[in-house]
Each structure stands twice: as structure tokens, then as C-alpha cells.
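In my numbering, the protein residues as written are 128 to 271.
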């Protein structure tokens, strides 16, 4: 049992929307992903090095990882950076974080990728917890 209360609104649990990442960062991620396939990972790594708080950057780096473990690691960093960002924006450990809000997609993409990679490396319990967490954050779900 937790020691914190959950404040419900007439619409249900509170909803947290992360701020949209800067246009220059979003553009850099798009450019990195649009580059030649053999250069995408290095380009995404350069974006993350320049903008280490970019959840979209970490998601892109995870998507371009060379293997399952590298992808898992990038998604995990993005997930933890995302938790920090959520807390900084009023999230108290519960409530909605919806895919419909474009600015939440980097975090949710990292979380989804982390769950997929956890399953791929045999961490079934972690993958199950992440699936439950995703369902709690956005019961309507995002793209799968």
C-alpha cells in the first residue's frame, strides 16, 4: 500500500502532458531517422549527445540499436529520463499519460520499447509489469 493519495477529477485520474520538445530537437531526430540506414544509429547517438533530455532522441536511438541489449539500454535511459520529466510536470506516480498527446510519445515509445526488449532478453516479469504500466497510463492504448 502506498502512502500518497490519488486525486481524482470528475473526468477520472489526472492527466499529465509533457511539454513538446523544442522544434530544433524534433527536427534533428527526424533528420537522423531520414538519413541513410547505415548512418541512422550514429546520427541518433549524436542527437542524444547534444540533447540528453530528449525522449524522442532516446526512443530513436533504441529503435536504431545494433542489438537487443543496446536497444534495451537506450529505451531504459529514455524511460528514466521520462519519469523525471513527468515528475517535473506534476505527475505523482499515477494518472494518465496519453499517446494522443504528441509530446508524451517519446516517453511512451521508450516504455513500449523497453517492454519489448525485456521480453526479448527473457525478462518476462519486467515485460509484464511494463505492459500493465502502459495500460494504466493509457487504457485506450497507442499504436502497438
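Glycine included, every Cβ here is placed at the ideal spot set by N, Cα and C.
Because the structure is a prediction, the values reported are computed rather than measured.
Check your understanding: By how many angstroms is the C-alpha of residue 222 removed from the C-alpha of residue 133?
Key -> Because residue 133 carries a pLDDT of 46, less than 50, the predicted location of this residue cannot be relied on, and the following value inherits that uncertainty. Distance between the alpha carbons of residue 133 and residue 222: 8 Å.
Check your understanding: Just to confirm, are residue 236 and residue 186 a CB contact at a threshold of 7 Å?
Key -> yes
Review point. Exposed or buried, which one is residue 148 when buried takes at least 16 other CB atoms within 10 Å?
Key: buried
Exercise for review: Kindly indicate the opening and closing residues of the alpha helix (DSSP H) around residue 248.
Suggested key: No alpha helix (DSSP H) holds residue 248; DSSP gives it neither H nor E.
Exercise for review: Starting from residue 218, follow the alpha helix (DSSP H) in both directions and report where the run begins and ends.
Suggested key: Residue 218 -> no alpha helix (DSSP H), and no H or E assigned at all.
**Study point:** residue 248, buried or exposed, once every other Cβ within 10 Å from all chains shown has been counted against 16
**Key:** exposed
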